[in-house]
Amino acid sequence: MAVIHFSEEGFDKAVSAGGLVMVDFWASWCGPCRMLAPVIDALAEKYEGKAIVGKVDVDAESALARRFGVMSIPTVIFFQNGAEVERKVGVMPQQAYADVLDARL
1148 MAVIHFSEEG
1158 FDKAVSAGGL
1168 VMVDFWASWC
1178 GPCRMLAPVI
1188 DALAEKYEGK
1198 AIVGKVDVDA
1208 ESALARRFGV
1218 MSIPTVIFFQ
1228 NGAEVERKVG
1238 VMPQQAYADV
1248 LDARL
C-alpha cells in the first residue's frame, strides 16, 4: 500500500476510525523531509493492513499543522483510538518508527 497523502477531511476520517495511524508532517522544500520519504514509504509497505501510514504537506494543509502544534518538520505523529500517542521530531532511523508501531499493534 502506498503512503496516503492526507487532506484535512481524509486525515480526520483516518484518525477517528480508531486504528493505528502514523502521519509524517512534511514539506517539499524541506531537505530532511525528503531524506525521510523513503523510510515512510518502506514503513507503509511493511505495515500494510496493520497501520495507516500517511503524510500531511504542511504548506497545503497548514490548519492541520497548527492544530497539532507542528513547529519543526519533519514531525511524525502516531495516533491510536483518535488520540496522539507519540511524536518524533526530526529524521530518525527506520527502526525508531517501527518500534513505536510494533509496541502499539
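With the working numbering applied, the sequence shown corresponds to residues 1148 to 1252, in that order.
Backbone N, C-alpha and C fix where the C-beta goes; we use that ideal spot for every residue, glycine too.
Predicted, not measured: the structure shown is a model, and the values here were computed from it.
Close CB contacts of Y1194 within its chain, under the 7 Å cut and outside five residues either way in sequence, are with V1200, L1248 (chain order).
Here I1224 carries a strand assignment [DSSP, helix/strand/coil]. Beta-bridge partners of M1169 (DSSP): V1200, F1225.
Contact between the segment 1231-1242 and the segment 1151-1158 is absent, with fewer than three C-beta pairs closer than 8 Å.
Cβ atoms of F1215 and V1162 stay farther apart than 8 Å, at about 10 Å. Contact check for A1174 against V1150 fails: the beta carbons are separated by 8 Å or more.
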